[in-house]
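Student: Residue numbers (the numbering used here): 66 to 710. So that we are looking at the same thing, I have put the structure below in structure tokens.
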Ligand SMILES: Nc1nc2c(c(=O)[nH]1)N[C@H]1C(S)=C(S)[C@@H](COP(=O)(O)OP(=O)(O)OC[C@H]3O[C@@H](n4cnc5c(N)ncnc54)[C@H](O)[C@@H]3O)O[C@H]1N2
Ligand code: MOO
């Protein structure tokens, strides 16, 4: 019988349990060269005085301070130079009344002297030094032990050693320290479909993401990472690998095979090897997380989806590891304004990756992609937390964004419709650009609000004109349109066009399955325009035509998704750009060119990054390189500025 099954625990409860859990780590002695970011396991005491002697802190003359009291700028006092001491030397002379010894910074103060006059306030003539300014006793002198005294406690046990502590420890003559051993963490990926990067990818397989991603996170938390590779979805194999890992490691992290569909392999393995105390957390993503403990060891079973695995690592595993390694730090947070109304499941705390744009204040763009999207993670600057009892956050609401790392604003912000041509332009102009893909309309609105410097757009109006009607309709002022390039739109079909698709009439055939695009996309406008024309030609209503097309209701959100649907045989035909068809080795039947243009705010035209981007668009280099992306074509209008009122 299972002890627990999907009794979802709240995140707070899971954190509380983990907080009370410790792993005893033994102690090792290491050189201070290796001590950075390690946790001291013993108090460190100074072996000598720091500094070890009274030391001159300035270049000048060691004197008896009382000899200088009457010195004035226009009435210097005169002292006889009786010798000199350099840093590292044992002084061979003493300073008597009326005498001075030339001394360099860091040198031992000669007997009898109690202050140093800086060389700037002296002149030397005929074996005498003339002092123009009095010094007080101990002025420009650091006395022995003033930093630390021999036997003094200088750094306490538990301290995470930074460069500053290591410097202090070195000054006190301590070259080796006792620290806690770094926790050893094994990382295991599971799944029949997962292949280690570097191997060939067969159909149905995907490259491992989690092994590499989680290994990096483990290191970031100051632990020793032991990536153990990919294991098939097989109870015995997974059990054997986890058992093996437990022999040498303190913590084992698996990803995948947590969900009910697979008969809860990880749950069963963990239960066999330890005590499962978390089986499901009321969070999104990452609900199927399993956590168990055995004597002095902890097992984490993270869900397979990379976004889920990473988020659970961030909010559950990382705090636990960082407490062990002493690297615990408050996460960096910024306040931001939420750009769009964001829905969430009530009953689960949701973590939503966001991209940040700074326009005086921070604007947060939530990602709507599902937990499998790895590019989301690379593009996100951080994430927001939506509480369990909240069904949505309003547009404009202030949110806390927990940063993945340090946020650095980009030089160029492009928000709009995704295009491989834009990726190429950015590569060629080598500016630090942030690209947020929210579709053409979203891009125009972002330019209007000033969040984006420019937007890439390809909106076809029913009048047959691209972009300008939309710019006007959406009320964009003080912007210019820069003509971009043409993208060839057409039917994307399987290699060899097995269904013999030639035109929109073919979509009405019984044996043809279509894949549509989302409303609001330029492609959808084109599709509907063509279908209206067809309806007129056949004397049918538009509604009737729509009903007769199999798959009209199935909408893909991107060109790529259309191509993939065709590639996987889910649809026979869709409409998209040639570049994508080409990339997936699919056939392409051209329909008409689409005008992909850039809308730029006038107040950003002087910005270096914007200038570079537009120069690149007009460059010969772009013209040359863009040919490689079949289906994108520069025209004689590329780079032309279109002003309108
Ligand atoms: N019927 C149900 N199905 C699913 C449920 C559920 O409650 N009932 N939960 C869903 C949720 S939520 C999540 S999260 C996942 C968790 O499933 P698993 O932990 O079993 O993960 P897998 O099925 O093995 O993988 C999910 C997904 O991620 C890919 N993956 C796995 N490992 C890796 C890796 N190392 N690198 C890259 N990608 C990886 C895998 O191919 C799958 O596409 O279950 C849902 N289903
Ligand atoms: O728990 Mo899953 O992680 O929602 O995607």
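For each residue, glycine too, the CB sits at the ideal point set by N, CA and C.
As an exercise, report each continuous beta strand (DSSP E) stretch of at least 3 residues that is fully enclosed by the segment 338-425, in chain order.
Tutor: The segment 338-425 contains these whole beta strand (DSSP E) runs: 340-344, 355-359, 362-367, 398-403, 414-424.
Student: Any idea if residue 232 is buried or exposed, counting beta-carbon neighbours within 10 angstroms, 16 or more meaning buried?
Tutor: So residue 232 counts as exposed.
Student: Which partner residues does residue 144 have in the DSSP bridge list?
Tutor: In DSSP, residue 144 forms a bridge with 194.
Student: For residue 350, verify whether its CB is less than 8 Å away from any heavy atom of ligand 1.
Tutor: Because some heavy atom of ligand 1 lies under 8 Å away, the Cβ of residue 350 counts as near it: yes.
Student: On the three-pair Cβ rule with 8 Å, is the segment 549-563 touching the segment 626-646?
Tutor: Yes, they touch.
Student: Can you give me the Cβ contacts of residue 298 inside the same chain, cut-off strictly under 8 Å, excluding the 5 residues immediately before and after it?
Tutor: For residue 298, where only same-chain residues beyond five positions count, the Cβ hits under 8 Å are 255, 256, 257, 321, 322, 327, 330.
Student: Cβ-heavy atom distance between residue 418 and ligand 1 below 8 Å?
Tutor: Result no, Cβ not under 8 Å from ligand 1.
Student: In whole angstroms, what separates the C-alpha of residue 660 from that of residue 316?
Tutor: Cα to Cα, the separation comes out at about 55 Å.
Student: For residue 690, does the three-state DSSP call read helix, strand or coil?
Tutor: Correct three-state label for residue 690: helix.
Student: Measuring alpha carbon to alpha carbon, tell me which of 163, 164, 148 ends up nearest residue 157.
Tutor: Residue 157 has its Cα closest to that of 148, out of 163, 164, 148.
Student: Can you grab the Cα-Cα spacing for the pair residue 545 / residue 705, in whole Å?
Tutor: The alpha-carbon atoms of residue 545 and residue 705 are separated by roughly 10 Å.
Student: Does the beta-carbon of residue 87 have 16 or more other beta-carbons within 10 angstroms, so that it is buried, or is it exposed?
Tutor: Classification for residue 87: exposed.
Student: So, residue 295 versus residue 268, is the Cβ gap smaller than 9 Å?
Tutor: Not closer than 9 Å, so no.
Student: Based on the DSSP output, what are the partners of residue 462 in its beta bridges?
Tutor: The partner list for residue 462 (beta bridge, DSSP) is empty, contrary to what the question assumes.
Student: Between which two residues does the alpha helix (DSSP H) holding residue 674 run?
Tutor: Its alpha helix (DSSP H) spans residues 673-683.
Student: According to DSSP, simplified to helix, strand and coil, what is residue 276?
Tutor: Helix.
Student: Can we count residue 292 as close to ligand 1, meaning its CB is less than 8 Å from some heavy atom?
Tutor: Outside the cutoff, so no.
Student: From residue 693 to residue 390, what distance separates their C-alpha atoms?
Tutor: If I take the Cα positions, the gap works out to 50 Å.
Student: Looking at residue 711: is its Cβ nearer than 9 Å to the Cβ of residue 652?
Tutor: No answer is possible for residue 711: it lies beyond the span of the chain, which begins at 66 and ends at 710.
Student: Can you give me the Cβ contacts of residue 172 inside the same chain, cut-off strictly under 8 Å, excluding the 5 residues immediately before and after it?
Tutor: Closer than 8 Å at the Cβ level, and outside the excluded window around residue 172, lie 120, 121, 150, 151, 152, 153, 154, 156.
Student: Could you compute how far the alpha carbon of residue 630 sits from the alpha carbon of residue 623?
Tutor: Approximately 11 Å between the Cα atoms of the pair.
Student: Please classify residue 135: is it buried, with 16 or more other beta-carbons within 10 angstroms of its beta-carbon, or exposed?
Tutor: Exposed.
Student: Kindly examine ligand 1 and report whether one of its heavy atoms sits closer than 8 Å to the Cβ of residue 267.
Tutor: No, ligand 1 has no heavy atom inside 8 Å of this Cβ.
Student: Leaving out five residues on either side along the sequence, give the residues of the same chain with a beta carbon under 7 Å from the beta carbon of residue 159.
Tutor: Here the set comprises 175, 176, 177.
Student: To test your reading of the DSSP string, which unbroken beta strand (DSSP E) runs of 3 or more residues are found completely within the segment 609-643?
Tutor: Segments of the beta strand (DSSP E) lying fully in the segment 609-643: 638-642.
Student: Helix, strand or coil for residue 67, going by three-state DSSP, please let me know.
Tutor: With a pLDDT of 46 at residue 67, under the threshold of 50, the modelled position of this residue cannot be trusted, and the question is left open.
Student: In this structure, how does DSSP classify residue 307 when only helix, strand and coil are distinguished?
Tutor: Helix at residue 307.
Student: Name the residue from 590, 358, 166, 703 whose alpha carbon lies nearest to the alpha carbon of residue 342.
Tutor: Of the listed residues, the one whose Cα sits closest to residue 342 is 358.
Student: Hey, how far is the Cα of residue 467 from the Cα of residue 599?
Tutor: If I take the Cα positions, the gap works out to 52 Å.
Student: Relative to the C-alpha of residue 226, which residue among 280, 616, 287 is closest?
Tutor: The candidate whose alpha carbon is nearest that of residue 226 is 287.
Student: Return helix, strand or coil for residue 97, following the three-state DSSP convention.
Tutor: Correct three-state label for residue 97: helix.
Student: Return the Cβ separation of residue 702 and residue 494 in integer angstroms, given the expectation that the two are a contact with Cβ distance under 8 Å.
Tutor: Actually they do not touch by this definition, with Cβ atoms about 20 Å apart.
Student: Just curious, the beta strand (DSSP E) that residue 50 is in, first and last residue?
Tutor: Any question about residue 50 goes unanswered here, given that the chain covers just 66 to 710.
Student: Select from 637, 293, 262 the residue whose C-alpha is nearest the C-alpha of residue 575.
Tutor: Closest option to residue 575, Cα to Cα, is 637.
Student: In the DSSP assignment, the alpha helix (DSSP H) including residue 709 goes from what residue to what residue?
Tutor: No alpha helix (DSSP H) contains residue 709, which DSSP labels as neither H nor E.
Student: Report the three-state DSSP secondary structure of residue 132 (helix, strand or coil).
Tutor: Helix, per DSSP.
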